[in-house]
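Asks: Following this note's numbering, the numbering of the sequence shown begins with 17 at its first residue and continues without gaps. Even glycine gets a Cβ: it sits at the ideal position worked out from N, Cα and C. Note that the structure is a prediction, hence the values are computed from the model and not measured.
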Amino acid sequence: MFRNTSLGYDHDLFIFLPEFRIHIATGGAKLPVYMLNLTINNFLIYSHFEQEHLYNFEIERNKKLEEIVYAPERLLNESFESDEYTRTFDKFAKQGFFSFDKTNISDPYNKSFHLVSFPTDRKNSIPKDNQFSDLRENKVLLDRNGILIDQIIEEINTLKFDPKPLYY
17 MFRNTSLGYD HDLFIFLPEF RIHIATGGAK LPVYMLNLTI NNFLIYSHFE
67 QEHLYNFEIE RNKKLEEIVY APERLLNESF ESDEYTRTFD KFAKQGFFSF
117 DKTNISDPYN KSFHLVSFPT DRKNSIPKDN QFSDLRENKV LLDRNGILID
167 QIIEEINTLK FDPKPLYY
């Protein structure tokens with residue numbers, strides 16, 4: 017039976033891959049429980065945040081945020097503050113994560129996400145120490161559970177700054 021506790025909640029998902037660290041703010045998306053469990057039960061997350069004081073990457077923001085987020089938000093809320101919106105995404109980017117947000121938070125079934133903030137030095141955003149040597153197993157878990165992040169990885173590699181679907 018599919019039990020979902022994600023609807024209406026903005027969960028933070030963390031995906032550790034050999035090439036990248038990815039943060040996804042779910043924005044109330046309807047997610048299967050196994051996706052939430054991948055983050056909750058992932059020892060890499062706890063290891064990372066125990067050492068977060070070691071990370072302080074230079075970051076950039078998506079060049080299309082005005083078009084994707086800011087302009088639509090200002091139509092709904094004149095007092096919308098872009099710095100308030102990006103604060104958490106910037107925090108994770110400074111820790112080496114490519115930080116994504118749900119593009120359409122009004123629709124829990126929409127699976128589009130856009131890159132918000134990211135480390136400028138992509139080659140050095142993954143620590144070289146041994147505790148992250150099992151990152152390939154993380155990708156195996158994603159694949160086994162049918163979570164396809166190929167579009168997200170393509171966005172990281174190309175930086176076209178367009179919303180991409182996350183398949184689950």
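(1) Short of 7 Å in beta carbon distance, which residues of its chain neighbour LYS79, apart from the five on each side in sequence? Order them along the chain.
(2) First and last residue of the beta strand (DSSP E) that includes LEU164?
(3) If contacts are defined as beta-carbon pairs under 8 Å, then PHE116 and HIS39 qualify, I think. What distance do you get, rounded to the angstrom?
(4) Specify the secondary structure class of GLU76 as computed by DSSP and reduced to three states.
(5) Return the CA-CA distance between THR167 and GLU94, expressed in angstroms with no decimal places.
(6) Could you name each continuous alpha helix (DSSP H) segment of 4 residues or more that falls completely within the stretch 85-133, going from the start of the chain to the end?
(7) Identify every residue that forms a DSSP beta bridge with ILE38.
(8) Identify the residues that DSSP records as bridge partners of LYS180: which are they?
Replies: In terms of the structure at hand:
(1) The sequence position of residue 79 within the sequence shown is 63, counting from 1. For LYS79, where only same-chain residues beyond five positions count, the Cβ hits under 7 Å are PHE177.
(2) Locating residue 164 in the sequence shown gives position 148, counting from the first residue. No beta strand (DSSP E) contains LEU164, which DSSP labels as neither H nor E.
(3) Counting from 1 along the sequence shown, the entry for residue 116 is found at position 100. Counting from 1 along the sequence shown, the entry for residue 39 is found at position 23. Yes, PHE116 and HIS39 are in contact; Cβ-Cβ is about 7 Å, under 8 Å.
(4) Against the sequence shown, residue 76 aligns to sequence position 60. Strand, per DSSP.
(5) The count along the sequence shown starts at 1 and reaches residue 167 at position 151. The count along the sequence shown starts at 1 and reaches residue 94 at position 78. Strictly speaking, residue 167 in this sequence is Gln, with Thr absent from that position. Roughly 33 Å separates the two Cα atoms.
(6) 87-92 and 98-110
(7) Counted from its first residue, the sequence shown places residue 38 at position 22. Paired residues: ILE31 and PHE114.
(8) Residue numbering aside, residue 180 sits at position 164 when the sequence shown is read from its first letter. Answer is PHE129, bridged to LYS180.
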